[in-house]
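Numbering (our numbering), first residue to last: 456 to 856. Remarks on the structure that follows.
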Amino acid sequence: MSSKKNTQRLFVIGSILFVSAILLYAFWPRAIAVDIAQVKTEPMQLTISEEGKTQVHQAYVVSAPITGQLLRVEVEAGDKVIKNQSILFKMQPTSLPLLDKKATQQAQANLNMAQAALNVAQTELEKAHSDKALAQKEAQRAAVLYQKQLISQAEYDRLKTLLSIQAANIKTALATITMRQADVANAKTGLIGFNATSNTSKNHIMVTSPLTGQILQIQQKSENYLVAGTPIITIGDTSNDLEVLVELLSTDAVKVAVGNPVTISNWGGNNDLHGTIAKIEPFAFTKYSALGVEEQRVNVLVKFSDSADKYQKLGQGFRVEAHIIVWKDDHALVVPSGSLFRVNNKWAVFKIHKGIAQLTSVNVGYNNGTQAQILSGLKTGEQVVLYPTPQLVDGVSVVQR
């Protein structure tokens with residue numbers, strides 16, 4: 456009987472211990488599995504990225520020099536051209552109306568009158584030279600007599616003034632001759648068309664290239680009647696004068712300075728290109744985004760720092776992506792940006808010490824979205840929790856996920 460009671464007692468005690476063990480295991484605080492990152496000293500940079508397009512810095516738009524008939528343009532886009540040698544296009548001036556007999560006689564009379572006026576002006580110049588020579592001799596004699604006190608000071612001054620007047624008369628006569636020559640040239644234009652015919656095929660005006668480069672675009676290809684100033688061909692030097700135009704938000708443009716390095720990617724080549732900020736325009740303009748948001752944009756120009764052979768396949772208006780480096784440190788103390796969170800308007804992390812998560816305040820410098828610069832609060836080699844969850848609190852045990 457006593458043995459049976461002992462067995463029952465042991466069974467009850469064992470059951471109580473078993474249930475207690477299960478409850479202790481169930482409610483015992485467990486370590487939270489987290490992702491862990493290490494505090495490192497490594498290069499870090501802050502960039503502003505924006506789409507851009509290539510353009511020739513000094514593109515020339517060659518326009519029709521006169522009003523007339525444009526003959527068919529023989530050159531093609533992409534052709535190489537040489538300054539003052541390569542012919543871009545030919546134009547045929549508008550045929551002039553024939554002059555009737557009365558108009559011809561009047562034009563001829565105007566020419567004769569202008570020529571006679573030119574002859575008179577040339578005669579006046581010869582007279583002015585003679586008068587000056589005479590005045591110069593009298594001034595020289597007066598100087599000798601004045602030294603011997605044979606003439607008065609007033610007479611001596613009068614003769615010197617007369618010499619100056621004769622010298623001025625020569626300049627006046629020269630200016631008059633220039634005017635009369637212009638009148639003659641103008642009168643000759645009145646006779647143009649007297650012997651003109653409807654066939655002006657030999658009066659072509661050939662326009663040559665203003666620079667050495669290549670043809671970027673042809674605005675007028677077919678034969679057509681054009682007024683003076685109509686754009687026909689655009690020329691530029693894509694080998695040595697290519698740049699990148701980037702339209703930055705005005706809030707980003709104020710962070711950029713001339714000379715900042717730029718990395719150019721997604722342009723189609725295997726390797727990134729490099730450049731520097733050459734100019735930041737002082738005038739912003741309004742532009743609407745694809746969502747209809749009004750933005751203030753600023754044009755920023757980037758000059759290539761690589762040799763031309765690395766981007767020779769780029770041309771006018773090609774799309775690229777520009778990454779402007781506004782700050783860089785080769786030895787920055789950094790943590791992943793995902794380890795940071797805000798506590799009472801201050802940055803903080805969970806630092807791991809002997810498997811325990813410790814809430815630690817830190818001072819953050821630059822943050823590029825991937826890396827964050829730590830100014831104080833952490834040291835190289837320490838570990839922090841990456842992407843902390845709301846369940847994580849100060850003093851909780853953690854393990855590597």
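All C-beta atoms in this analysis are idealised placements derived from N, C-alpha and C, irrespective of residue type, glycine included.
Rounded separation between residue i and residue j - CA only
i: valine 494; j: lysine 809; result: 16 Å
i: isoleucine 732; j: glutamine 846; result: 47 Å
i: serine 694; j: glycine 533; result: 12 Å
i: lysine 676; j: lysine 508; result: 26 Å
i: valine 717; j: isoleucine 779; result: 4 Å
i: leucine 666; j: serine 541; result: 9 Å
i: lysine 535; j: isoleucine 670; result: 7 Å
i: alanine 777; j: threonine 685; result: 35 Å
i: glutamate 531; j: threonine 689; result: 11 Å
i: asparagine 715; j: isoleucine 503; result: 11 Å
i: aspartate 784; j: methionine 499; result: 5 Å
i: isoleucine 537; j: glutamine 563; result: 43 Å
i: proline 520; j: glutamine 560; result: 31 Å
i: aspartate 612; j: leucine 589; result: 16 Å
i: isoleucine 625; j: glycine 691; result: 49 Å
i: threonine 462; j: leucine 472; result: 15 Å
i: leucine 668; j: aspartate 696; result: Checking the displayed sequence, the identity of residue 668 turns out to be glycine instead of leucine. Rounded to the nearest angstrom, the two C-alpha atoms are 9 Å apart.
i: arginine 797; j: glutamine 751; result: 31 Å
i: leucine 543; j: histidine 659; result: 13 Å
i: valine 753; j: alanine 739; result: 5 Å
i: asparagine 800; j: leucine 746; result: 32 Å
i: proline 737; j: aspartate 761; result: 27 Å
i: valine 853; j: serine 744; result: 46 Å
i: glutamine 771; j: asparagine 721; result: 16 Å
i: glutamine 602; j: serine 619; result: 21 Å
Per DSSP, the bridge partner or partners of residue i
i: glutamine 672; result: Thr689
i: histidine 729; result: Thr718
i: leucine 617; result: In DSSP, leucine 617 forms no bridge with anything.
i: glutamine 828; result: Val789
i: alanine 488; result: Val854
i: leucine 580; result: Beta-bridge pairing links leucine 580 to no other residue.
i: valine 511; result: Leu697
i: lysine 742; result: Glu750
i: isoleucine 660; result: Met546
i: leucine 501; result: Trp782
i: valine 757; result: Val699, Ile732
i: leucine 506; result: Per the sequence presented here, residue 506 reads as glutamate, with leucine not at that position. In the DSSP output, where bridge partners are listed per residue, glutamate 506 has Glu776.
Which of helix, strand or coil DSSP assigns to residue i
i: arginine 752; result: strand
i: glutamine 609; result: This sequence places alanine at residue 609; glutamine is not what is there. Residue state, collapsed to three classes: helix.
i: threonine 496; result: strand
i: leucine 465; result: helix
i: aspartate 586; result: helix
i: threonine 667; result: coil
i: asparagine 679; result: strand
i: glutamate 593; result: helix
i: arginine 635; result: helix
i: serine 470; result: helix
i: isoleucine 537; result: coil
i: threonine 835; result: coil
i: asparagine 822; result: strand
i: leucine 847; result: coil
i: lysine 734; result: strand
i: valine 599; result: helix
i: valine 893; result: Because the chain is modelled from 456 through 856, residue 893 falls outside the range shown and cannot be assessed.
i: valine 575; result: helix
i: alanine 623; result: helix
i: glutamine 604; result: coil
i: alanine 532; result: coil
Run of the beta strand (DSSP E) containing residue i, from where it starts to where it stops
i: aspartate 784; result: 774-791
i: alanine 885; result: Only positions 456 to 856 of the chain appear in this structure, which leaves residue 885 out of reach.
i: alanine 803; result: 801-808
i: arginine 797; result: 796-798
i: isoleucine 521; result: Where isoleucine 521 is concerned, there is no enclosing beta strand (DSSP E), given that its DSSP letter is neither H nor E.
i: leucine 841; result: 838-841
i: glutamine 767; result: Run containing glutamine 767: none; DSSP gives neither H nor E here.
i: proline 548; result: 542-548
For residue j and residue i, believed in contact at Cβ under 8 Å, the rounded distance
i: isoleucine 807; j: isoleucine 491; result: 6 Å
i: leucine 795; j: valine 781; result: Not confirmed; about 21 Å, so no contact.
i: valine 755; j: valine 701; result: 5 Å
i: glycine 592; j: alanine 622; result: Before going on, a small fix: residue 592 reads as lysine here, not glycine. The pair is not a contact, with the Cβ atoms about 14 Å apart (cut-off 8 Å).
i: valine 699; j: valine 757; result: 4 Å
i: alanine 488; j: arginine 856; result: 4 Å
i: alanine 576; j: alanine 628; result: 7 Å
i: leucine 728; j: tyrosine 766; result: 6 Å
i: asparagine 539; j: threonine 663; result: 5 Å
Start and end residues, alpha helix (DSSP H) containing residue i
i: serine 705; result: 705-708
Proximity test, residue i beta-carbon vs the ligand NAD heavy atom, cut-off 7 Å
i: tyrosine 601; result: This structure simply doesn't include the ligand NAD, nor any ligand for that matter.
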